[in-house]
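Visitor: Questions regarding the structure given below will be posed in turn.
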Amino acid sequence: MHYDATDEWEKSFLEIYVRHNAMACLLIPMSDLERGIAFAKSHPDRVIPYAEIDIDSPTVVEDINKVYSMGFRGLGELFAKGRKNYNDPKYDTIWAMAERLKMPVAPHTGILADGSMSTMRPAFLADIASRHPNLFIHAAHFGNPWYEEAAEATRRNKNLYFDLSGSSLIKKENDPGYWNQWLWWTDMLGKAHIPKDAVPAWEKILFATDEGPDALEENIRRFNKALDACNVSEETRAKCYGLTIAKVLGINTGGIN
Ligand SMILES: [Zn+2]
Numbered sequence: 042m043h044y045d046a047t048d049e050w051e052k053s054f055l056e057i058y059v060r061h062n063a064m065a066c067l068l069i070p071m072s073d074l075e076r077g078i079a080f081a082k083s084h085p086d087r088v089i090p091y092a093e094i095d096i097d098s099p100t101v102v103e104d105i106n107k108v109y110s111m112g113f114r115g116l117g118e119l120f121a122k123g124r125k126n127y128n129d130p131k132y133d134t135i136w137a138m139a140e141r142l143k144m145p146v147a148p149h150t151g152i153l154a155d156g157s158m159s160t161m162r163p164a165f166l167a168d169i170a171s172r173h174p175n176l177f178i179h180a181a182h183f184g185n186p187w188y189e190e191a192a193e194a195t196r197r198n199k200n201l202y203f204d205l206s207g208s209s210l211i212k213k214e215n216d217p218g219y220w221n222q223w224l225w226w227t228d229m230l231g232k233a234h235i236p237k238d239a240v241p242a243w244e245k246i247l248f249a250t251d252e253g254p255d256a257l258e259e260n261i262r263r264f265n266k267a268l269d270a271c272n273v274s275e276e277t278r279a280k281c282y283g284l285t286i287a288k289v290l291g292i293n294t295g296g297i298n
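Each step along the sequence shown adds one to the number in the numbering used here, with nothing skipped, and position 91 is 132.
Structural data, given as structure tokens:
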């Protein structure tokens, strides 16, 4: 979720996330790095700090080194806002650095608030995931509206995940079983055309919210409605809701795994 550098937001976040015994990867703007990392370090049981580096910045290499040394664990939300897509050679250094530093990346996919979308197709992330097998990518918004492209990209790349935050679950509120046509391969594991290291389809979808702390429960309701309609197992749900990202980031879940 996105961090907002105000007393009010931090208070609301702590109250609600303590009540739910929840943690969040907080996407912290570059303008608020100091305050954001101080907040994260004061609440290590609630906050996993991510830095919102600008992938088009001329100082991006220095920026990544800086946020890594400050204690940021991941990079995101990222945006290919220029005329180049995520798979452009211009960005190769960023993916190689993140892979080497073991920093997961959280790129935006699909339609963006400013109306742009074509440079942020999920297919570009499939190419990056394939070239950087040790880079963990958890991309936002399941490629909205390129769901099939996103699903096939994650089916074939064990290090590529998506979340369903944003408008998609609102759009499909009255059709919560919609997602299974794209997340189709759970019953086919071990059969032809399914990678040997593939996992149940819904394991590749991580819970996320693109709204403020007070919308956490509504986002859980929306996500659970889709999980229920798509008959997702309890074991898989636990991974969607945190066990996967905890494992990637080495977070102790008290013996639950
Ligand atoms: Zn986004």
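Glycine included, each C-beta is placed from N, C-alpha and C at the ideal position.
1. Residues with a Cβ closer than 7 Å to any heavy atom of ligand 1, in chain order?
2. Just to confirm before moving on: does the CB-CB distance between Y44 and R87 stay below 8 Å?
3. Please confirm whether G218 has its beta-carbon closer than 8 Å to some beta-carbon of chain C.
4. Less than 8 Å between the C-beta atoms of F165 and D204, yes or no?
5. Counting C-beta neighbours from all protein chains within 10 Å, is the total for H61 16 or more, i.e. buried, or is it exposed?
6. Please name the residue, chosen from M161, L55, E190 and W136, that lies closest to L257 on a Cα-to-Cα basis.
7. If you compare alpha carbons, which of G112, T227, S98 and D48 is closest to L290?
8. By the DSSP assignment, the beta strand (DSSP E) with V88 in it spans what residues?
9. Ignoring anything shorter than 3 residues, give me the beta strand (DSSP E) runs that lie fully in the region 175 to 235, in order along the chain.
10. Determine the direct distance from the alpha carbon of W243 to that of W226, and round the result to whole angstroms.
11. Please classify C66: does DSSP put it in a helix, a strand, or coil?
12. Between the Cα of E49 and those of M64, C66, F80 and A170, spot the shortest distance and give me the residue it belongs to.
13. What three-state label does DSSP hand A121 in the structure shown?
14. Looking only at C-alpha atoms, which of S209, P90, I286 and K143 sits nearest to A6?
15. Indicate the three-state DSSP secondary structure (helix, strand or coil) for A147 in the structure shown.
Guide: Result, derived from the coordinates:
1. E118, H149, L153, A181, H182, G207 and D251
2. no
3. No chain C is part of this structure, which consists of one protein chain only.
4. no
5. exposed
6. L55
7. Checking every option, the nearest Cα to that of L290 belongs to G112.
8. V88 to E93
9. 178 to 180 and 201 to 204, all fully within the region 175 to 235.
10. 9 Å
11. strand
12. F80
13. coil
14. No information on residue 6 is available, as it lies outside the stretch 42 to 298 that the chain covers here.
15. strand
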